[in-house]
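Single-structure report; data block below.
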Amino acid sequence: MTDAHCHVAHGASRHFLCDPCDGPAASCDVRFAGTHPWHLDGFDAVALRKLLAADLHLGVGEIGLDRLRVREISPRMREVFEAQLAIAAEFRRPVVLHGAKCWGEVVKASRQASDVPAFLFHGFSRSEGLLPDIIAINGYISVGPAILNDHAVNYRELVRKIPPDRLLVESDSTAATADATPSAEAVAAKLAAVRGVATDALVAQMEANADAFAAAVR
Ligand SMILES: [Zn+2]
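First residue of the sequence shown: 169, per the numbering used here; consecutive thereafter.
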């Protein structure tokens, strides 16, 4: 079972770990380095390029745009995102995307980075109309603990429409939240129920999807 987006390894047997990640990582885990739109001050293009050059198995993420914490996307936020997309394209590494409340903008920018081999849309919601564009750029969508909320009717409706070969699950665990965050296994079980399929079959499909995504850095 793969937790397709988290910041610390918690539960699951394989993790796609995005910065800031501390604690142990298993050899099967996949790491990503990048500057989150909430932490723009930390962006250093030279340092990121050095990390990617030194580690052929490193992806880029979590990067993107955000309208959860600010009303408008600042020029600096866009600049940092686009610079990191360009670096990922140059090194041909997969990218983990954040796009809270601005997925259309994130997809638009990502379509320009055609040398990026695969994208993982983490925390994707509310933007069903973008599914064809996401698939066209080899995007995978990781479903998160929001699906466990019985009131998340629209979210459940959306996740039913994601093609099976594009699906992943995530916990988005951080050092601060890991113990209280539902596991990727719990998300997978609920996702199977929501889609009306057997959990085992869904998990097997998602492992194959996770392998395909991870293959971009192997
Ligand atoms: Zn995250």
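Each residue gets a CB set at the ideal place from its N, CA and C atoms; glycine is no exception.
Assign residue 284 to one of three DSSP states: helix, strand, or coil. Assigned with DSSP and collapsed to three states, residue 284 falls in coil, not helix or strand.
With distances taken from CA atoms, which of 350, 371, 369, 219 is nearest residue 178? 350
Own chain, CB closer than 7 Å to residue 305, minus 5 neighbours either side, in chain order: Cβ within range, chain order: 278, 279, 287.
Which of helix, strand or coil DSSP assigns to residue 229: Residue state for residue 229 is assigned as strand, using DSSP reduced to three classes.
How about residue 229 and residue 198: do their beta carbons lie closer than 8 Å? no
Residues of its chain near residue 273, where Cβ-Cβ distance is below 6 Å and the 5 sequence neighbours each way are ignored: 233
So, using beta-carbon positions, are residue 208 and residue 219 closer together than 8 Å? For residue 208 and residue 219, no; Cβs fall outside 8 Å.
Do three or more CB pairs link the segment 311-324 to the segment 288-296 at distances below 8 Å? Output reads yes: the segment 288-296 touches the segment 311-324.
What are the uninterrupted segments assigned as alpha helix (DSSP H) that are 4 or more residues long and contained completely in the segment 303-377, given in chain order? 321-328, 352-363
Going by the beta-carbon positions, is the gap between residue 172 and residue 336 smaller than 8 Å? yes
Could you tell me whether any non-hydrogen atom of ligand 1 is closer than 7 Å to the CB of residue 207? no
In chain order, what residues of the same chain have a beta carbon less than 7 Å from the beta carbon of residue 203, not counting five sequence neighbours either side? So the list reads 210, 211, 231, 248, 252, once near-sequence residues are dropped.
Which whole-angstrom value is the C-beta distance of residue 334 and residue 303, which I expect to be below 8 Å? 6 Å
To the nearest angstrom, report how far apart residue 289 and residue 176 are at their CA atoms. Counting only the Cα atoms, residue 176 lies some 18 Å from residue 289.
Which whole-angstrom value is the C-beta distance of residue 414 and residue 355, which I expect to be below 8 Å? This structure cannot speak to residue 414, because the chain is shown only from 169 to 386.
What separation, rounded to the nearest whole angstrom, lies between the Cα atoms of residue 183 and residue 240? Taking the straight line joining both Cα atoms gives about 32 Å.
Nearest-angstrom Cα distance between residue 300 and residue 357? Each residue's alpha carbon lies about 26 Å from the other.
Can we count residue 186 as close to ligand 1, meaning its CB is less than 7 Å from some heavy atom? yes
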